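First up is the structure itself, then whatever we jot down about it.
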Amino acid sequence: MKSAVTGVTISPVNMNERKELGIRPGDTIRVHQKIQDKGKTRIQIFEGLVLARKHGDEPGATFTVRKVASGVGVEKIYPLYSPLIDKLEIVKRAKVRRAKLYYIREKVAREIKRQMRRMTLVGFSTESEAEASVRAAAEAKALEEAELKEKEAVAAKEAEMATPEVVEETPAEVVAEAPVEEVAAEAEAEVKKD
0 MKSAVTGVTI
10 SPVNMNERKE
20 LGIRPGDTIR
30 VHQKIQDKGK
40 TRIQIFEGLV
50 LARKHGDEPG
60 ATFTVRKVAS
70 GVGVEKIYPL
80 YSPLIDKLEI
90 VKRAKVRRAK
100 LYYIREKVAR
110 EIKRQMRRMT
120 LVGFSTESEA
130 EASVRAAAEA
140 KALEEAELKE
150 KEAVAAKEAE
160 MATPEVVEET
170 PAEVVAEAPV
180 EEVAAEAEAE
190 VKKD
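To convert, note that position 26 of the sequence shown is 25 in numbering that gives the first Met the number 0; the numbers rise steadily by one, no gaps.
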């Protein structure tokens, strides 16, 4: 005596759809996960490389996804038929020769170490307000000193240019020159006559 039960849902997830998707190691996958925050449900996307797929297509099947976020490797293990997964997208599919890609962890670490060897140490930093005010005061003082030195140099040049050559006069030339007052008086008298 067989009883066929039809129309009964075992899971809120379409299990056949997820089975047929055929997630395998080497795929870059985008997992849309439902997250509940304070009574609200939102979708969070986690995109990364599938490292492993375990337990085949049975109800307890899982897959491991790895991504690097802000320089830190993050791995999540998702149940294949979890109702918290809203949607699965395969972005890229790569041909790999392993069933488990755990070696990627060490490979990434080696690459980072190699990059670190090529890096040079640089001492960049931001400046605090106290350091900025001290630097500004020092720059202002240096600028004032430079301007003062420049003014002194210009004044010395002008003094050098303005100094007339000293020519010794003979006593006969001094006698020949008339006093300035007499010459001015004579000029005034001529103007009045006209």
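Every residue gets a Cβ at the ideal spot worked out from N, C-alpha and C, and that includes glycine.
Computed from a predicted structure; not experimentally measured.
As an exercise, report each continuous alpha helix (DSSP H) stretch of at least 4 residues that is fully enclosed by the region 102-159, in chain order.
102-117
Among E128, I76, E46 and G70, which has the Cα closest to the Cα of I89?
In the sequence shown, counting from the first residue as 1, residue 89 sits at position 90. Considering only alpha carbons, the answer is E46.
For the region 50-63 and the region 135-143, state whether three or more C-beta atom pairs, one from each stretch, are separated by less than 8 angstroms.
no
I'd like to know whether the C-beta of R41 is nearer than 9 angstroms to at least one C-beta of chain C.
As a matter of chain content, chain C is missing from the structure shown, which is built from one protein chain.
Between T27 and L87, what straight-line distance do the alpha-carbon atoms span, to the nearest angstrom?
Taking the sequence shown and counting its residues from 1, one reaches residue 27 at position 28. Taking the sequence shown and counting its residues from 1, one reaches residue 87 at position 88. Distance between the alpha carbons of T27 and L87 is about 11 angstroms.
Output the distance between the C-alpha atoms of E149 and S132, rounded to the nearest integer angstrom.
Here the question's residue 149 lines up with position 150 in the sequence shown. Here the question's residue 132 lines up with position 133 in the sequence shown. Using only the alpha carbons, I get a separation of about 26 angstroms.
Could you say which of R104, E105 and L79 lies nearest to E16 if we only look at CA atoms?
Start at 1 with the first residue of the sequence shown, and residue 16 comes out as number 17. Measuring from the Cα of E16, the nearest candidate turns out to be L79.
Using the Cα positions of E144 and A158, report the straight-line distance between them to the nearest angstrom.
Within the sequence shown, the letter at position 145 stands for residue 144. Within the sequence shown, the letter at position 159 stands for residue 158. Approximately 21 angstroms between the Cα atoms of the pair.
Using the C-alpha atoms, what's the distance from K39 back to K33?
Here residue 33 corresponds to residue number 34 of the sequence shown, with the count starting at 1. Here residue 39 corresponds to residue number 40 of the sequence shown, with the count starting at 1. Each residue's Cα considered, the two are about 10 angstroms apart.
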